[in-house]
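Enquirer: Below is one structure. I have some questions about it.
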């Protein structure tokens with residue numbers, strides 16, 4: 163059974179916390195309006211966006227006809243969808259996480275700063291962000307003496323052997339990509355008695371969505387975007403030559419280094435998580451984020 167209260171956190175993909183709530187059992191609405199139980203202030207969040215149900219049998223999320231959608235593991239919520247403790251739910255461009263006990267046989271592992279993973283090889287230093295396809299940490303690789311990014315896989319993906327097999331195939335394809343404008347995937351680590359995780363190149367910078375919010379009126383000048391657009395096209399062109407399509411292009415997946423260069427993240431990985439989510443995948447569903455989808459993705463072609 164769930165505890166008397168559950169902690170609900172609303173945050174940006176960067177990890178910035180916008181709201182922290184202790185809620186009891188019942189139905190709780192999420193949205194921009196002040197009459198919601200859970201406030202989620204963003205231009206991509208509807209006034210009454212979603213409803214979170216917490217009861218003794220577990221937890222569930224329901225989209226309330228929002229403009230930009232509600233997503234679990236990158237897949238649009240249709241009807242009422244069960245979720246687990248510590249599973250990130252995308253509300254527009256924000257993320258909602260419910261912390262607390264969940265009716266599962268093996269509770270999800272929670273990382274904290276200073277933890278050692280990968281049989282002690284990687285020391286976690288700082289949470290960098292979280293989304294539907296996992297939690298990302300800055301870590302120190304003690305073997306190579308360098309900083310890397312560590313992305314923990316969602317527990318529900320790990321629990322499905324076929325989903326994990328398909329995901330591994332996506333990571334293997336992404337690992338072969340070597341381009342200055344694509345974040346390099348190092349390895350998929352599957353240590354005993356730990357949740358699997360991906361290690362990848364650490365980019366010291368910010369994602370394009372965060373940088374946009376810092377611009378006057380929330381817009382870039384074309385002179386600022388022109389070079390970034392060219393680098394994005396170079397990355398996509400190279401990937402297409404390798405017969406790989408991204409399938410989830412959005413500003414949050416475009417990292418900008420301190421030197422001002424663009425690096426594209428999550429090639430195939432986010433889409434693979436959505437495609438292989440046994441609770442969410444339905445006939446006609448498309449991988450990706452609705453507000454950034456191409457017409458072809460929306461049509462499933």
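In this note's numbering, the protein residues as written are 163 to 463. Ideal Cβ placement from N, Cα and C applies to all residues, glycine included. Just so it is clear, the structure is predicted and the values come from calculations on it, not from any experiment.
Could you check the C-alpha separation between residue 185 and residue 388 for me, to the nearest Å?
Expert: In the chain shown, counting from the first residue as 1, residue 185 sits at position 23. In the chain shown, counting from the first residue as 1, residue 388 sits at position 226. Distance between the alpha carbons of residue 185 and residue 388 is about 46 Å.
Enquirer: Given a threshold of 16 other Cβ atoms within 10 Å of its Cβ, counted over all protein chains shown, does residue 280 qualify as buried or as exposed?
Expert: Here the question's residue 280 lines up with position 118 in the chain shown. The residue in question, residue 280, is buried, as its Cβ has 16 or more Cβ neighbours within 10 Å.
Enquirer: How is residue 340 classed by DSSP in three states: helix, strand or coil?
Expert: Counting from 1 along the chain shown, the entry for residue 340 is found at position 178. Three-state DSSP puts residue 340 in coil, outside helix and strand.
Enquirer: Mapping the DSSP letters down to three states, classify residue 232 as helix, strand or coil.
Expert: As a position in the chain shown, residue 232 is number 70, starting the count at 1. Correct three-state label for residue 232: strand.
Enquirer: CA-CA distance, residue 362 and residue 283?
Expert: Your numbering for residue 362 matches position 200 in the chain shown. Your numbering for residue 283 matches position 121 in the chain shown. Computed Cα separation, rounded: 14 Å.
Enquirer: If distances are taken between C-alpha atoms only, which option among 299, 220, 167, 213 comes closest to residue 177?
Expert: Within the chain shown, the letter at position 15 stands for residue 177. Out of 299, 220, 167, 213, 299 has the C-alpha closest to the C-alpha of residue 177.
Enquirer: Quick check on the DSSP output: the beta strand (DSSP E) that includes residue 368 runs from which residue to which?
Expert: Start at 1 with the first residue of the chain shown, and residue 368 comes out as number 206. Segment 367 to 369, the beta strand (DSSP E) holding residue 368.
Enquirer: Do you know how far the Cα of residue 337 is from the Cα of residue 325?
Expert: To locate residue 325, count along the chain shown from 1; it is residue 163. To locate residue 337, count along the chain shown from 1; it is residue 175. About 18 Å.
Enquirer: I want to know whether the segment 388 to 397 touches the segment 195 to 209 - three or more CB-CB distances under 8 Å.
Expert: Too few Cβ pairs lie closer than 8 Å, so no.
Enquirer: Roughly how many whole angstroms lie between the Cα atoms of residue 257 and residue 307?
Expert: Within the chain shown, numbered from 1, the residue matching residue 257 stands at position 95. Within the chain shown, numbered from 1, the residue matching residue 307 stands at position 145. For residue 257 and residue 307, the distance between alpha carbons rounds to 33 Å.
Enquirer: If residue 222 and residue 192 are in contact, beta carbons under 8 Å, what's the gap, nearest whole angstrom?
Expert: Along the chain shown, read from residue 1 onward, the residue named residue 222 stands at position 60. Along the chain shown, read from residue 1 onward, the residue named residue 192 stands at position 30. In fact, because the Cβ distance is near 13 Å, the residues do not count as touching under 8 Å.
Enquirer: Short check: CB of residue 241 to CB of residue 204, under 8 Å?
Expert: Position 79 of the chain shown, counted from the start, is the residue given in the question as residue 241. Position 42 of the chain shown, counted from the start, is the residue given in the question as residue 204. Cβ distance not < 8 Å, so residue 241 and residue 204 don't count as in contact.
Enquirer: Check whether the segment 397 to 416 touches the segment 348 to 357, counting contact only when three or more Cβ pairs, one atom from each stretch, lie closer than 8 Å.
Expert: Taking 8 Å as the limit for Cβ pairs, the verdict is that the segment 348 to 357 does not touch the segment 397 to 416.
Enquirer: Note down, in chain order, each residue of its chain lying with its Cβ closer than 8 Å to the Cβ of residue 278, except the 5 sequence neighbours on either side.
Expert: Within the chain shown, residue 278 is the residue found at index 116, counting from 1. The answer, listed in chain order, is 284, 285, 286.
Enquirer: At the level of alpha carbons, what is the spacing between residue 331 and residue 244?
Expert: Locating residue 331 in the chain shown gives position 169, where the first residue counts as 1. Locating residue 244 in the chain shown gives position 82, where the first residue counts as 1. Each residue's Cα considered, the two are about 27 Å apart.
Enquirer: Using 8 Å as the threshold, is the C-beta distance between residue 426 and residue 344 below it?
Expert: Walking along the chain shown from the start, residue 426 turns up at place 264. Walking along the chain shown from the start, residue 344 turns up at place 182. Yes, the pair counts as a contact, with Cβ atoms nearer than the cut-off.
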